[in-house]
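**Q**
Below you can see the structure in the form of structure tokens.
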């Protein structure tokens with residue numbers, strides 16, 4: 196399967212859901228052997244965050260799902276059996292979460308926190324919904340009631356499993372714990388840049404890491420450059436300014452260590468040696484011909 200993926204010119208393998216820990220470990224081991232990175236969601240149920248971190252994938256996306264490591268086994272089992280679905284409250288101070296970060300640091304796995312999308316969607320904690328309860332006499336399981344009150348909807352057998360409840364404050368706190376534990380944090384956003392925006396969604400994630408998580412600007416800049424390169428498996432060619440690497444450089448009017456807003460003072464972007472002057476940028480206009488001089 197890994198060879199087939201490489202045959203499509205894929206530069207990485209992304210795992211989303213419905214994968215157990217053993218299968219993910221096998222995929223990752225073979226991908227490493229063939230020199231292609233594996234990028235995984237933090238929770239790909241039935242594999243939870245602790246199992247995912249143990250496989251040595253290159254990156255784990257969505258910090259909220261780190262909380263899956265703290266879902267009680269009996270609750271998780273009910274989800275896998277189709278008797279529960281939705282978000283469950285978990286103890287985000289559970290030691291299993293610290294174990295996830297320990298494994299990520301040990302394996303060099305990058306955390307793609309995606310705080311921006313948590314803020315954007317406005318994810319709120321919800322109690323898990325029991326989708327199947329003991330049926331009343333004459334009732335089928337699919338139409339069972341959960342005590343007094345309105346009748347529950349029929350179970351949707353296409354969706355199984357529970358997820359860790361997580362609010363914006365939780366995402367921020369978990370990212371801070373990961374950073375303090377020495378985990379490499381990157382600046383993926385998992386969101387779209389509005390067509391009316393002068394700057395990409397990346398700048399929102401940078402602001403959250405600095406203003407909310409509390410990372411100093413030097414660490415934020417590493418997250419937006421070197422750690423992203425590590426996640427891609429391209430740290431030998433991009434991500435830092437060194438002899439032999441591609442000339443990918445941004446020139447600013449202001450001190451980049453002064454704060455996130457200083458990063459908007461772009462004068463010139465050099466991409467693989469080609470200059471792109473900010474003064475030539477027109478929002479929404481296609482670039483015609485060579486970049487400005």
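In my numbering, the protein residues as written are 196 to 488.
The beta carbon of each residue, even a glycine, is placed where N, CA and C say it ideally should be.
Given that a residue counts as buried once 16 or more other Cβ atoms are within 10 Å of its Cβ, and exposed if not, what is residue 419?
**A** The count along the chain shown starts at 1 and reaches residue 419 at position 224. The residue in question, residue 419, is buried, as its Cβ has 16 or more Cβ neighbours within 10 Å.
**Q** Between the alpha carbons of residue 317 and residue 250, how many angstroms are there, rounded?
**A** For the purposes of this step, residue 317 is taken as the residue at position 122 of the chain shown. For the purposes of this step, residue 250 is taken as the residue at position 55 of the chain shown. Distance between the alpha carbons of residue 317 and residue 250: 31 angstroms.
**Q** Quick check on the DSSP output: what are the complete alpha helix (DSSP H) runs of length 4 or more inside the segment 376-458, in order along the chain?
**A** Counting whole runs of 4 or more residues, the segment 376-458 contains the alpha helix (DSSP H) stretches 397-402, 412-419 and 421-427.
**Q** When DSSP builds the beta bridges, which residues end up paired with residue 471?
**A** What you label residue 471 is simply residue 276 of the chain shown in a count that begins at 1. According to DSSP, which records beta bridges pairwise, residue 471 is partnered with 464.
**Q** Looking at residue 460: is its Cβ nearer than 8 angstroms to the Cβ of residue 359?
**A** Taking the chain shown and counting its residues from 1, one reaches residue 460 at position 265. Taking the chain shown and counting its residues from 1, one reaches residue 359 at position 164. Not closer than 8 angstroms, so no.
**Q** Between the alpha carbons of residue 246 and residue 216, how many angstroms are there, rounded?
**A** Translated into positions along the chain shown, residue 246 becomes position 51. Translated into positions along the chain shown, residue 216 becomes position 21. The alpha-carbon atoms of residue 246 and residue 216 are separated by roughly 6 angstroms.
**Q** Quick one: give me the first and last residue of the beta strand (DSSP E) that residue 282 is part of.
**A** Position 87 of the chain shown, counted from the first residue, corresponds to residue 282. Residue 282 -> beta strand (DSSP E) spans 279-283.
**Q** Any idea what DSSP makes of residue 363, helix, strand or coil?
**A** Stepping through the chain shown from its first residue, residue 363 is reached at position 168. Reduced to three states, the DSSP call for residue 363 is helix.
**Q** Let me make sure I understand the geometry here. Which of 277, 267, 212 and 413 has the alpha-carbon closest to that of residue 374?
**A** Residue 374 sits at position 179 when you count from the first residue of the chain shown. Selected option, being the one with the closest Cα: 413.
**Q** Looking only at its own chain, which residues have a Cβ that is under 6 angstroms from the Cβ of residue 381, when we skip the five neighbours before and after it?
**A** Taking the first residue of the chain shown as position 1, residue 381 is located at position 186. The residues are 305, 307, 418, 422, 423 and 426.
**Q** Have a look at residue 213 and residue 236 and give me their C-alpha separation to the nearest angstrom.
**A** Position 18 of the chain shown holds residue 213. Position 41 of the chain shown holds residue 236. Computed Cα separation, rounded: 11 angstroms.
**Q** Starting from the Cα of residue 242, find the closest Cα among 261, 301 and 445 and give me that residue.
**A** Position 47 of the chain shown, counted from the first residue, corresponds to residue 242. Out of 261, 301 and 445, 261 has the C-alpha closest to the C-alpha of residue 242.
**Q** Who are the near neighbours of residue 198 in its chain, counting only those whose CB is closer than 8 angstroms to its CB and skipping five residues on each side?
**A** On the chain shown, residue 198 is found 3 positions in, with the first residue counted as 1. Correct list, in chain order: 229.
**Q** When the Cα of residue 280 is compared with those of 287, 253, 312 and 240, which residue comes out closest?
**A** Within the chain shown, residue 280 is the residue found at index 85, counting from 1. Checked all of 287, 253, 312 and 240; the closest Cα to residue 280 is 240.
**Q** Whole angstroms is fine: what's the gap from residue 475's alpha carbon to residue 457's?
**A** As a working mapping, residue 475 is identified with position 280 in the chain shown. As a working mapping, residue 457 is identified with position 262 in the chain shown. Straight-line Cα distance between these residues: approximately 20 angstroms.
**Q** To which residues of the same chain is residue 223 closer than 7 angstroms at the C-beta, ignoring the five residues directly before and after it?
**A** In the chain shown, counting from the first residue as 1, residue 223 sits at position 28. Around residue 223: 233, 250, 251 and 252.
**Q** Ordered along the chain, which non-local residues of its own chain (more than five positions away) have a Cβ less than 8 angstroms from that of residue 435?
**A** Here residue 435 refers to the residue found at position 240 of the chain shown. Answer for residue 435: 420, 421 and 424, listed in chain order.
**Q** What do you get for residue 367, buried or exposed, if any count of 16 or more other CB atoms within 10 angstroms of its CB means buried?
**A** Here residue 367 refers to the residue found at position 172 when the chain shown is read from its first residue. Buried is the call here.
**Q** Would you kindly work out how many angstroms separate the C-alpha atoms of residue 292 and residue 300, rounded to a whole number?
**A** Within the chain shown, numbered from 1, the residue matching residue 292 stands at position 97. Within the chain shown, numbered from 1, the residue matching residue 300 stands at position 105. The alpha-carbon atoms of residue 292 and residue 300 are separated by roughly 13 angstroms.
**Q** Taking only three categories from DSSP, how would you classify residue 216?
**A** Residue numbering aside, residue 216 sits at position 21 when the chain shown is read from its first letter. Residue state, collapsed to three classes: helix.
**Q** Checking 8 angstroms against the spacing of the C-beta atoms, do residue 357 and residue 277 come in under that value?
**A** In the chain shown, the residue the question calls residue 357 occupies position 162. In the chain shown, the residue the question calls residue 277 occupies position 82. Not a contact, by the Cβ cut-off of 8 angstroms.
**Q** Alpha carbon to alpha carbon, what distance is there between residue 383 and residue 399?
**A** What you label residue 399 is simply residue 204 of the chain shown in a count that begins at 1. What you label residue 383 is simply residue 188 of the chain shown in a count that begins at 1. The alpha-carbon atoms of residue 399 and residue 383 are separated by roughly 10 angstroms.
**Q** Please identify the residue among 479, 415, 266 and 372 whose C-alpha is closest to the C-alpha of residue 453.
**A** The count along the chain shown starts at 1 and reaches residue 453 at position 258. Residue 415 is the option with its Cα nearest to residue 453.
**Q** Would residue 470 pass as a contact of residue 463 if the rule is Cβ separation under 8 angstroms?
**A** In the chain shown, counting from the first residue as 1, residue 470 sits at position 275. In the chain shown, counting from the first residue as 1, residue 463 sits at position 268. Yes. Within cutoff.
**Q** Any idea what DSSP makes of residue 356, helix, strand or coil?
**A** Translated into the one-based positions of the chain shown, residue 356 becomes position 161. In this structure, residue 356 counts as strand in the three-state DSSP scheme.
**Q** Skipping 5 residues on each side, what residues in its chain have a beta carbon closer than 7 angstroms to that of residue 377?
**A** In the chain shown, residue 377 corresponds to position 182, counting from 1. The residues are 300.
**Q** Using the DSSP secondary-structure output, state which residues sit across from residue 231 in a beta bridge.
**A** Against the chain shown, residue 231 aligns to sequence position 36. Paired residue(s): none; residue 231 is not in a bridge.
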